[in-house]
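Enquirer: Sharing a structure, written as structure tokens. Questions coming.
Number of protein chains: 2
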Amino acid sequence: MFAKGEKASSNVFIGTAWVNLLVPDADGIYDCQVYDVVFEPGARNHWHSHPGGQLLLITQGMGFYQERGKVARRLREGDVVQIPPDVEHWHGAAPDDGFTHIGISPNTHKGAAAWFGPVTDEEYEAAANDGNRQV
Amino acid sequence: MFAKGEKASSNVFIGTAWVNLLVPDADGIYDCQVYDVVFEPGARNHWHSHPGGQLLLITQGMGFYQERGKVARRLREGDVVQIPPDVEHWHGAAPDDGFTHIGISPNTHKGAAAWFGPVTDEEYEAAANDGNRQV
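These protein sequence lines are chains A and B, in that order.
Residue numbering for the first sequence follows our numbering, beginning at 2 and increasing consecutively.
Residue numbering for the second sequence follows our numbering, beginning at 2 and increasing consecutively.
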């Protein structure tokens, strides 16, 4: 739906993903950044949190969202994820399916995301197994 | 992509549209509301403005965006509209095409939209003619 953006940094992503910054809000008048992220199968971002929270709108494919210490949630087109401020989490594609979401980072005046290291293959496989058990 | 929501109020819409409030943000932690709006052909909202601005992400169909005193802009899937605070405008479907956008109202703490009356048939037809001249 939106053009593929820049390749996501391998510093904070595993696998291949693209980020299209739809609303950079450089002057801060919306206090809100909006972007489209396309994940190839198996791609996911590192554990992270946002001081102002984050909202995800799933537009295509199949993926997962997991908060630290919780069971992963399976995501499909039309799903919405509300991630409160400072909640550590990751999101990404299913092993065999691409995944696209719009992301919204509100309260950008509160600062940038904090990053906590990669989602290991073991963590990812456990999340995929949990997610795949959900209807 | 998202479920059709509630029928939009005829107090501030002409024609038929549905609004699905994806992120109500009742407790204000995101300072941001997110919704999906489906317009039937010819449907549009009234002239209005938002004290915190508004962002539109076009996901389907063909429509128009117009600011008071300016030429209407034709909108298609993948287009993004950034509407600064207090700028009077309307958006809606083309005469012969449905139109769907995600809407984001940031800075919700600044208050609700202000409404300035319907987009008349003459205004709408002029906008459609201007928009249809754009490639």
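Backbone N, C-alpha and C define an ideal beta-carbon position, used for all residues, glycine too.
Leaving out five residues on either side along the sequence, give the residues of the same chain with a beta carbon under 7 angstroms from the beta carbon of Asp-87(A).
Expert: These residues qualify, in order along the chain: Ser-50, Pro-52.
Enquirer: Among Val-38(A), Val-24(A), Ala-27(A), Gly-16(A), which has the Cα closest to the Cα of Gly-6(A)?
Expert: Nearest C-alpha to Gly-6(A): Val-38(A).
Enquirer: Skipping 5 residues on each side, what residues in its chain have a beta carbon closer than 6 angstroms to that of Ala-73(B)?
Expert: Excluding positions up to five away in sequence, the list reads Phe-65, Gln-67, Ala-128, Asp-131, Gly-132.
Enquirer: Do you know how far the Cα of Ile-15(A) is from the Cα of Ala-94(A)?
Expert: Spanning the two alpha carbons is a distance of roughly 11 angstroms.
Enquirer: I'd like to confirm the pairing. Which residues does DSSP put opposite Asn-46(B) in its beta bridges?
Expert: BP columns for Asn-46(B) point to Phe-14(B).
Enquirer: Ignoring anything shorter than 3 residues, give me the beta strand (DSSP E) runs that lie fully in the segment 52-126 of chain B, in order along the chain.
Expert: Entirely contained in the segment 52-126 of chain B, the beta strand (DSSP E) runs reaching 3 residues are, in chain order, 55-68, 74-77, 81-84, 90-94, 100-107.
Enquirer: For the beta strand (DSSP E) that Tyr-31(B) lies in, which residues bound it at each end?
Expert: Per DSSP, Tyr-31(B) belongs to no beta strand (DSSP E) and is neither H nor E.
Enquirer: Do you know offhand how far Glu-89(A)'s Cα is from Ser-106(A)'s?
Expert: Cα to Cα, Glu-89(A) sits roughly 15 angstroms from Ser-106(A).
Enquirer: I'd like to know if Gly-6(A) contacts chain B, where contact means its C-beta is closer than 9 angstroms to some C-beta of that chain.
Expert: Chain B, which has no Cβ nearer than 9 angstroms to the Cβ of Gly-6(A), makes this no.
Enquirer: Taking C-alpha atoms, which residue in Asp-97(B), Lys-71(B), Trp-91(B), His-102(B) lies nearest to Asp-1(B)?
Expert: Nothing can be reported for residue 1(B), as the shown portion of chain B is limited to 2 through 136.
Enquirer: Using a 10 Å radius around the Cβ and a threshold of 16 neighbouring Cβ atoms, would you call Arg-75(B) buried or exposed?
Expert: The residue is buried, with at least 16 neighbouring Cβ atoms inside 10 Å.
Enquirer: Rounded to a whole number of angstroms, what is the C-alpha to C-alpha distance between Thr-17(B) and His-92(B)?
Expert: Each residue's alpha carbon lies about 13 angstroms from the other.
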